[in-house]
Structure formats: C-alpha cells, structure tokens
Amino acid sequence: MTQMSPRSLLEHILANYGRERDNLIPLLQEVQERFHYLSPEAVQAVADHLELSENDVYGVATFYAQFRFVPPGLHHIKVCEGTACHVRGSDRILDAISRSTGLKPGQTSDDGTFSLERVACFGSCALAPVVVVDDKVYGRMTAAKTNKLIEDKK
Amino acid sequence: MSFAARQQQAEAAWQTFEQPNRLRILVGSATCGRAAGSLEVMQAFAEELGKRGLTKAVDMVEVGCLGMCYAEVMVEIRGRDGKRVLYQGVEPRHAAALIEAQLVSGEVYLPLALAVMTGADEAVPTFADLPMIRPQVRIVLRNCGIIDPTNIDHYLGRGGYQGMTHAFAMGPDQVIEEMKASGLRGRGGAGFPTGVKWGFARNSVADQKYVICNADEGDPGAFMDRSVLEGDPHAVLEGLLIAGYAIGASIGYVYCRAEYPLAIERLQTAIAQMRELGFLGDDILGSGFGFEIKIKKGAGAFVCGEETSLMQSIEGKRGMPLSKPPFPAVSGLFGKPTNINNVETLAAVSAIMEKGAAWYAGYGTEKSRGTKTFALAGKITRTGLIEVPMGISLRTIIDDIGGGVLDGKQFKAVQTGGPSGGCIPAQFIDLAVDYERLAEVGSIMGSGGMIVIDEESCMVDMARYFLSFTENESCGKCVPCRMGTQHLLRMLTTITEGRGTLEQLEIMRKIGDAMKNASLCGLGQTAANPVLTTLQYFEDEYRAHIVDKKCPAGACRALIRFDIDPACCTGCGACLRACPVAAISGEKKQPHAIDQELCIQCGSCRQACKFAAVLVD
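So the protein lines, in turn, are chains X and E. All residue numbers for the first sequence refer to the working numbering, where the first residue is 1 and numbers rise by one. All residue numbers for the second sequence refer to the working numbering, where the first residue is 155 and numbers rise by one.
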C-alpha cells in the first residue's frame, strides 16, 4: 500500500463505494484516515465520484468538526474541553500547550512537528483533565505534566 | 443448531469461564481503563505468567468497565481456592507481586485489594457491600466488567438473546404492549415512553422502515453509552433487533461517534457474531423476520444527537434539524417511517424482554420506572459510571456512591443534562432523582452526565462554558438559537471579565425565554437552561461579578489575583516550579512572592501548594 501514489490510493478508496449520496461522509472519513486531511484534489475526486458539486462536498465537510483541510503535525495534540475536564482545569492545560508550542487551537507548527486541536469530549471524564497525543490518552493532567509530555515529543 | 442447543453450549462455555478452580485474570479495558494504562498492565501480567510457565494455566481476558473509574486500572484475580479478588490502581510493576500472592501462594495481596467479588473475607469487604456499589441496581450495566464483550457465548450464556426469542413468540403488537407496561422512557434525555413511540412507527404503513440506535453521545461529561457499547455490545444490538421486529423495520443503523473507536470495533465484532449465529439475515430463527444492522460513524457535530439531524447526517447531508411534523415515525430516514432510540434505552429493552415488564416496572417511581445510568464526574471523590433506581436521592448518589466532594471541599451544585440541563444547588441535595423532580427544579434528566461542582467553581463561568459549547455547535439554521447563543455568550463573557451590567441579567432571561419558545430543535430550546438555572439559584454570584467586580469562587481570571501568605509559606519551591511564566521568586526555605505583572492567574501555584499558602482574592 505504501508504494501507491496518492492518486491511485484515492482511486482505490473510491472504487469501494457506490455512487449514492449516503456514502459521502464514510468516504470523506476514509480519505481523511489515509491522508490525514482532505486536500482540494481529494474533495474534487469525491465530488466527481458521487456526482455532486465540490461546493456541496465542502458544505458537508466543513459542517462536521472531524474534517481537516490542512495536514496535521507529526504529533497531533487534542485537548479535551468536556465539562468534567473544564471544572478540573482544562483551560490551564490548553494554555500550557499553547505556550510551549506557540500554537493556537486549529494550527500546525511551521516545521510540522505539532498541531493542536480542541475536542468537545472524549468520554474519559473520570480521568479529567485529559489530553490525547497521537491517539494515546493521557489522564489526570496538570500543566507541569503536559509541558513535560510536549518536551519529550520535541 | 437450534437456538436452545446453541444457548446450552454457550451456558456451558460461561460455566467453564466461571468455574472456581480455574485460575483467571480479568483486566478492565474499556477506554477509561486503557487511558489509565490497562494494556500495559496486561502486557506485564502476560510476561510474568510466561516467566513462571503459567501462561496456559491462567485465563486472561479483557473485560469492560465495572464503573469504578477512580480506581483504574482494575484487575480481578481468581486464585486456586476460587476466591475472586478485585484490585485497584494496578500498575505494571505490581504484576509479579499479585501473581506471587494470589496465584502462587493463594493469599490476597492486601495493599491493592479493593473487594472480594463473592463470599466474605476478614480483611477485604465484599463487592456488593462497597458504599459505591450497594445503592446500585445494574440492569443496563448487567454484564459490563463481568463478561468478555468479544465473546458472544458469555452474553448468550447469561440469558442474552432470550429477549429476542420471547419477542418472536409474542408477536410485534404484544412486544409494544410489553414495552408500554414496563414504563420505559427514552434514556436519551427527552423521556418519551418507548412503547408509545414504537406504536407510532408500527402503525405507519410503508414498503421500508428503519430503526436507529443513537450512539452519538455528544454531551460533554457523559460516557454511559460508550461504556455499554464497549462492555456489552450485544445488549444494545439485541434491543435494536427487537425494536426493528416490533415496528416492522428490516434495517437498523447504529450511529456512533467517531471519537469512540473501541465502541465501534466492539460493535463490528458483535454484528459479525450475530450474522454467524443467524441472528441477522433473512428469516431469523424461523420467525419470518429479516434484519440487517449497519454502522454509521458520526463526524463530530453535537446537533446530530437530535433525531432529524442525525438522519440527515446518515443521508450524507449537513446535520441540520427539520421541522416536525412530519415526525420520523411517519417520514424519517430516506423519507421512510423510522424509530430512533438511544443506547441505554435499547440495552434496557433487551433486559425487559428477557425478564418481563413487571420485573422492570418494579424499580423506580410511579412515572419514572426502572433504572438510570449516570456518568459521575467533576469534583467528586469516586468518579465513575453508576446505575441507580429512579427516585434515589441526590445525596445518596453524591455522598454514598461518589464518596462526597473531592478533597473535603464544600458542595455547591450538581450539573445534570449537559449543555441542555441545569445546575441544581446544594439546597436540593435530598431531591429524588426522576424525570419529574429534575424538571421541577429547572434541570433535566438528560442523557445522564452528572458533574459535581464545588465552592471553587464559578457558576457564571459554568454558564459561559456551556454557552461557548452550544454557540459553537449551533447549526445556524434557525435565528433564535443562532443569535441567542451568540448574544448570551457575549454577555456572559463580559460579566466574567468584570464589564457586565445588571441590565444584562434581565436581557439574558428574555433571550433565554425566546430561545425556549422559538427554536427549531432541542439544542436551541434547551441551550439557555445553564444560564436560566444559574440565574435562578446563583444570581448573587452574577451580581458579585457585576457590582463588586469580584469572582466569589476565585475562578474568573480577570477578577482575581493570587498572593502568597508569608506566614504559611515554607519556601518549598513547589509553586515556583509549577508556575508556567516564572512569576514566582524566593529563596529556599524563605517565603516566596508572586510578581503581579507577570502572573497570568492560571492557579497552577495554588494547585501545587501543599500548605494552602497561595491565597486568591
């Protein structure tokens, strides 16, 4: 699979889906899973496959928080902003990460090392406050523990 | 093989698993457990067993969540004497000691022992007698943390899919009557009687109907549905199948949040097992009923918890709500009659069909029958997932089950129902929790998030927090919700920054009222609840922000300053190390001081100080 060019990988994904509209979101999800974001070329290919306008596809993709239109960093940091995390101080964690990476939520660092995202709730409320880095969940975080985690990844 | 024969086979498998003389290790590995490191713990146990040549002699299994999230990682070990001991806070480094003690020497490892699962022990309490467990009645969570969720024999062996066979024997109309008799109401939040809802969809005539399981658990602070899907997926899928049978739908969808990858994996495994056993496909067990289940992954939109938005999303559109009528029971997914139930409702359905409506209706209060799960979190000693009979008091939940407020702080309020709910103040601690009583005090049952708030949380900030969530998640289709959430958030922000006016309090009440009456869907109709209930019970806190420019809870950064009390400071340096902006200075063993110019009011120093020397004003 790794030898496949982006174009043929995209075509390979599209071939598994019918042309009905209800395939749109699953298709975008799979494309993002493989490419880590939705490039303009990918959106166009999905639109063509489902016989929709690109406009229509962007309309749907931008509605949902899951879809990204810029590539994420090597380490993707997600800070949980759920209620339990909020009352246990998630804003401090977000502050700490912003300070040590220089990123605001939604941004990717210039060198491509880090990207930062706020997430509504992971449902790991009992471990609040929670940070997820590269899909590994870190619970009961403090600003100091977060800083160390980021330093270790640099 | 007939169903009865297959079930006997499963029962035998379950009995073998439960046989007292077999050495066994169960590791709680739902998302919470994994986040706390359960997979690393399992790895350590596997290595230790390997070293001792015990790998084949011991059954080691990943189970779901027992709900005692505060005690993760949890491991249950059954030794040679058949005694099953539950250990808490297990780390990889404990593996050798635990194996040595219980599996080799036959002794309980006391430093980590939390309870014995069955029987009595002199040194360790019995599981059912634990203060967190005793008030609970586990119906929806009947199998969570007990069975291997990837093994259908465990579910079958404990009575699973009997509800399905009972339903087939009764016929659809009688199933709906049974649901009505059970008194079950929708556990997604609105509390509509399930049997009545099914009746509407059954009475709609169409060539195709659908049932949907709403697993888009979007309320921040709620994780009940995730735990059930991870710990006992068949309980939900059996409920979905029964719902399909009752209304005459041949296709079921599970719409699950993409943020729950483990739940989706467990559902996929379970659906494959159902197909293998002939519980899906045409003419299931000779009933003449055919059914298929598809999984749809949500893409991160809170509004998709609303039924019409969810259906739009399945159809591949922006998840925006539609005007009702027509109701989904008449025209829903792809324009066909559709019934939609939440995860917890469906897990209760399978239990009700197995054990009967009268059994279920025996729990709870007159108008709120049965049990309800809650995700207990926030400033509470024992966070976790609990299931209690309706009508239990808030005090029992918070003090007995939850072990009271964290660090002995003062209990201020409990937030139920997430962004659609409200804050219930401490004065109602003896309130009986059911749909009616919660509505009376201005909150809602909601899906079951229960966040405990202590004296250090600011109620204005809580309202601002929820409004920033709903403002962000409002789909923008209707004006009252789109503009209302924006205006409320703007005003709440100015108040938390000390720039608010008393006039704003009245304006917020009016906006909230308009949103309630005029919004298109539940999101907008309830989005003002966090503001309205905090205004109702905590207006003095709002006034303190506006008039005195003070935040009584010491939470709103623009209105507070931190100082170190030289009389209490021991000069240990913990605050200095915790400060992210180097605003603290001081010599070792000498009182430290905060440079107010540099301080960003993050409170890290206060959290780090062990001597309560950091004061907030």
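C-beta: ideal position from N, C-alpha, C; glycine also. Being a predicted model, the structure only gives us computed values, none of them experimental.
Collapsing the DSSP output to three states places X/S100 in a helix. Residue state for E/I552 is assigned as helix, using DSSP reduced to three classes.
Shortest Cα-Cα distance from E/V227 to any of E/D554, E/R188 and E/I418 involves E/R188. Among the CB atoms of chain X, none fall inside 7 Å of the CB of E/E172.
For E/M604, no alpha helix (DSSP H) run applies; the uninterrupted beta strand (DSSP E) run containing it begins and ends at G603 to D608, by DSSP. Taking 3 residues as the minimum length, the beta strand (DSSP E) runs contained wholly in the region 560–592 of chain E are 565–570 and 576–579, in order along the chain.
The C-beta of X/G106 comes no closer than 7 Å to any C-beta of chain E.
Under the Cβ criterion (8 Å, minimum of three pairs), the region 173–181 of chain E counts as touching the region 219–236 of chain E.
Between the C-alpha atoms of E/L395 and E/R523 there is a straight-line separation of about 22 Å. E/L642 sits buried, since 16 or more C-beta atoms from the chains shown fall within 10 Å of its C-beta. For E/I598, no alpha helix (DSSP H) run applies, since DSSP gives it neither H nor E.
Residue nearest to E/D719 within the set E/R760, E/C705, E/I555 and E/E508 is E/R760 (criterion: CA-CA distance). Of the residues E/K451, E/G432, E/K450 and E/I449, the one whose Cα lies closest to the Cα of E/G442 is E/G432. A direct Cα-to-Cα measurement between E/I401 and E/K490 gives close to 12 Å. Interface criterion not met: the Cβ of X/T146 is under 7 Å from no Cβ in chain E.
For a cut-off of 8 Å, the C-beta gap from X/T146 to X/V131 is around 6 Å, short enough to register as a contact. Within chain E, the residues G470 have their CB atoms less than 7 Å from the CB of X/L24, given in chain order. Restricting attention to E/Y589, E/V568 and E/H248, the CA atom closest to the CA of E/A617 is found in E/V568.
Counted as a single uninterrupted DSSP element, the stretch harbouring E/K526 is not any alpha helix (DSSP H) but the beta strand (DSSP E) occupying residues T525 to G532.
E/F445 carries a strand assignment under DSSP once its states are collapsed to helix, strand and coil.
Among the residues facing chain E, X/R21 is included, as its CB has a counterpart in that chain under 7 Å away. Sixteen is the threshold: since fewer than 16 other Cβ atoms of the shown chains lie within 10 Å of the Cβ of E/L752, the residue is exposed.
Per DSSP, reduced to three states, the secondary structure at E/M214 is strand.
Residue environment: E/N671 is assigned as exposed (fewer than 16 neighbouring CB atoms within 10 Å of its CB, all protein chains considered). At least 7 Å separates the CB of X/S98 from every CB of chain E.
Chain-ordered, the chain X residues with CB closer than 8 Å to the CB of E/Q569 read T83. In the DSSP assignment, E/P543 falls within the beta strand (DSSP E) that extends over G538 to P543.
Contact note: E/S758 reaches chain X through R92 and A143, using a C-beta cutoff of 7 Å and chain order. Within the region 198–254 of chain E, the runs of beta strand (DSSP E) at least 3 residues long that lie entirely inside it are, in chain order, 212–217, 229–232 and 238–241.
For the 7 Å CB-CB criterion, E/G454 and X/Y64 form a contact. Rounded to whole angstroms, E/V559 and E/A531 show a C-alpha spacing of 10 Å.
DSSP places X/D56 in the helix class (H, G or I) of the three-state scheme.
Rounded to the nearest whole angstrom, the C-alpha separation of E/A502 and E/H746 is 57 Å. Between the C-alpha atoms of X/A96 and X/K148 there is a straight-line separation of about 10 Å. For X/V43, there are no C-beta contacts with chain E under 7 Å, since the nearest C-beta of that chain is about 14 Å from it. Contact of E/Q761 with chain X by beta-carbon distance below 9 Å involves G89, R92, T142 and A143.
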